[in-house]
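Taking the numbering used here, the leading residue of the sequence shown gets 6, the next gets one more, and so forth.
Report on the structure given below.
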Amino acid sequence: MTARTPLSGRIDLVSVTIKVGGSTIPDTCEVADVRVTRELNRIPQARITLVDGEATTGRFAWSDSSLFVPGAEIEVLAGYHEQQTSLFKGIVVRHGVRVRDSRAYLIVHCADKALKMTVARRNNVYLDKTDSDVIESLISANGLTADVKSTSETRKSLVRYFSSDWDFMLTRAEACGMVVIVDNGTVQVAPPALSGSAQIAVDYGDALQALDAEIDSRAQVASVTCRAWDPNAQALVEGSSSEPSLNEQGNLTGATLASVLNVSGYDWQTASILADGELSSWASAQLLRTRLSAMRGTMSLPGTADLAPGKLVQLGGVGARFDGVAYVSGVVHTIEHGDWTTQATFGLSSRPFVAEQGDIEAPPAGGLAPGVGGLLTGKVAQIDEDPDGQTRVLVHVPLVGMTGDGIWARLANGYASNGAGMFFMPEIDDEVVLGFLNGDPAFPVILGSLYSGARTPPRTPESKNNTKAIVSRAQVTIEIDEEKKRIQISTPGGHAVTLDDDAKTVTIVDSNNNSLEMASGGVTLKSPANITIKADGSMTLDAQAGVTVKSAAKVSIEAPQVQANASVAFSAQGQASAELTASGKVTVRGALVTIN
């Protein structure tokens, strides 16, 4: 298809029509000027300036009427010789008056209905959905028509944190290498259409009225690599970009311009967990945006409705560096004083949407106070008597001031439950690291305590890192030896319980040198003094190999009744003497009784 020039038709008589609620505004409503703005990744806007206001009466008839109140549906049409095309459809969003040099005007600001997507911040979690599924649902939820190119990658979890539908959609679309084009309540999300024929041709000396264009090599790189951490592999994974197919404009490609600064590699990275395919898609999207920034410019030409964001225009007569098919990223239609001019931009910024749009994230501390960025250190001042009963710790923050009342901080724990958990409170004057809920300096959280040259740890670090320990202020200790596979609980008074895999023993000792050792050879109970075993019930000694009772002094057995049974033989012997006595009768009975 041969591109046509804007001058191919009759453009000497400009006509513009404003419709409100589907009806043309009265002829008595004088339109001073109209400005319609449409851009990639932006909401279409229109500004209509109407002559209004009388100094003698103080009345603003059109402002006071119901025509241009916010919410009114409005359409702007323009053309030549009454052959008009719609340039904009939307609603009135702002309405104001202006007085300059004794002239008064009504200024009506309009926007596409997709503006609704930019207003409210919301949270959501999307499970097992593609980006296109999520984007389409966002558009449809706002009563708009979705035209979304399908994406293939199914994401296990996509978390949206307190962002507008528009901002979340734009960031996800950009990550997938797509652009957003809005027109009359329809939101199209798709990769930029960079191939095909231009619908319109603009040549210097013909339709081109003004041009500012430049080639910029600063953002051009040979390729892009995106990296992320894979916790399963415990290694970095990466995806590399593919060179995009671009519109043919000029004779210096992005790949050629990349050799100017000759950056060996251009890396993006994230702490998010992304698959290889996601990383490659992200890398290719970054390179595409970079390539589209290599040639950018703005051209002015007679008004035409044929140019729109996402269209191609044939630019000619401006030299070999710039001649060719340009990708239109935005148009501005200006109609005033009987003239209609269309200003078109081509190319895109190399900066991502999140960098261009500064308010994607909600303000720190919810905007309730200036926020605090990053972490701060604090000094513990008090650990008890939290006035709110929240088990908080009073801290002084050196950068805020060490005098005054301090700030109550919540204490993070590895396990904190209702009536259960870990209970470790810091000591007074400990140095702690503080995070802040939502960046609000009034709501610190103690994330942990810090050692320093002034406040040293109870053990000295060593390269093998074999020692782990919990040591209390009074030196009550739980210590783990990784090399010997040993854990010991001990007190400064000398009491200890030791479980030792290396020695294959379990040992309990006390400060009196009493000990109990369980080892492969058996159980040993030792005491430098007495050992007493008591039972309120019965006591049984049972051994397969024998029971030996031995004493260097006397062995006494005392009970109301003593019974000794032997299934084979019974022997009682005294080296010096033996005596068997009873206050009553003594019975010695056997099949054969031998005495001496």
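Glycine included, every Cβ here is placed at the ideal spot set by N, Cα and C.
In this text the structure is predicted, and so the values were computed from the model without any measurement.
| Query | Result |
| --- | --- |
| Candidates A195, D434, Q578: which alpha carbon is nearest D152's? | A195 |
| Just mark E253 as buried or exposed, buried being the case when its beta carbon has 16 or more other beta carbons within 10 Å. | exposed |
| With DSSP as the reference, please indicate the residues paired to R64 in a beta bridge. | E59 |
| Among the residues of its own chain, which have a CB less than 6 Å from the CB of I492, if the five just before and after it don't count? | I485, L504 |
| Can the beta-carbon of L241 be found closer than 9 Å to that of L297? | no |
| Which word fits Y131, buried or exposed, when buried means at least 16 other C-beta atoms lie within 10 angstroms of its C-beta? | buried |
| Express the C-alpha separation of N443 and R40 in angstroms, rounding to a whole number. | 41 Å |
| Where does A307 fall in DSSP's three states? | A small fix is needed here, since residue 307 is Pro in this sequence, not Ala. In the structure shown, P307 sits in a strand (DSSP, three-state: E or B). |
| Express the C-alpha separation of V336 and A260 in angstroms, rounding to a whole number. | 28 Å |
| Suppose you measure from the CA of S516 to the CA of S495; what does that come to, to the nearest Å? | 11 Å |
| Are the CB atoms of G270 and V226 nearer to each other than 9 Å? | yes |
| By how many angstroms is the C-alpha of L306 removed from the C-alpha of E78? | 29 Å |
| Is it right to say F606 is buried, meaning 16 or more other beta carbons lie within 10 angstroms of its own, or is it exposed? | As displayed, the chain neither begins before 6 nor continues past 601, which places residue 606 out of reach and without an answer. |
| Any chance the CB of C115 is under 8 Å from a heavy atom of the ligand FAD? | In terms of ligand content, the structure shown is empty, and the ligand FAD therefore cannot be addressed. |
| I'd like the list of long-range same chain contacts for A203, defined as Cβ closer than 7 Å, with 5 residues on each side in sequence excluded. | A8, L317, V318, Q319, V330 |
| To the nearest angstrom, report how far apart G409 and T482 are at their CA atoms. | 36 Å |
| Cα-Cα, which of P369, S20, E59 is closest to S107? | E59 |
| Between which two residues does the beta strand (DSSP E) harbouring G383 extend? | 381–387 |
| Of the residues Q395, G255, V437, L439, which one's Cα is nearest the Cα of N423? | Q395 |
| With C-beta atoms as the reference, is V377 less than 9 Å away from D445? | yes |
| Tell me, to the nearest whole angstrom, how far the beta carbon of T303 is from that of D217; I am working on the premise that it is less than 8 Å. | 5 Å |
| From the DSSP output, in three-state form, read off S107 for me. | coil |
| Taking the C-alpha atoms as reference points, what is the distance between Q214 and D208? | 9 Å |
| Taking V476 and D434 to be in contact with their CB atoms under 8 Å, please state how far apart those CB atoms are, rounded to whole angstroms. | That pair is no contact at about 17 Å. |
| Cβ atoms of S334 and E44: under 9 Å apart, would you say? | yes |
| Residues in the same chain with beta-carbon distance under 6 Å from L521, minus the five sequence neighbours each way, listed in chain order, please. | I513, L530 |
| State buried or exposed for S1, treating a residue as buried only when at least 16 other CB atoms are found within 10 Å of its CB. | The requested residue 1 is not part of the displayed model; the chain covers only 6 to 601. |
| Can you find the residues in the same chain that come closer than 6 Å, C-beta to C-beta, to S157, ignoring five residues on each side of it along the sequence? | none |
| Is the beta carbon of T135 closer than 9 Å to that of R99? | no |
| Which two residues bound the contiguous beta strand (DSSP E) that contains A180? | Element bounds for A180: not the beta strand (DSSP E) but the alpha helix (DSSP H), 170–180. |
| Just list the beta strand (DSSP E) runs in the segment 265–309, keeping only unbroken ones of 3 residues or longer that don't cross its boundaries, in chain order. | 271–275, 300–307 |
| Have a look at V113, L381, D328 and flag the residue whose alpha-carbon is nearest the alpha-carbon of A51. | V113 |
| Leaving out five residues on either side along the sequence, give the residues of the same chain with a beta carbon under 7 Å from the beta carbon of L199. | S250, L251, N252, Y332 |
| Contact between the segment 64–75 and the segment 354–369 is defined here as three or more beta-carbon pairs at a separation below 8 Å; is this criterion met? | no |
| In the DSSP assignment, the beta strand (DSSP E) including D152 goes from what residue to what residue? | 150–153 |
| If we ignore side chains and look at the alpha-carbon of each, how far apart do Q387 and Q274 end up? | 42 Å |
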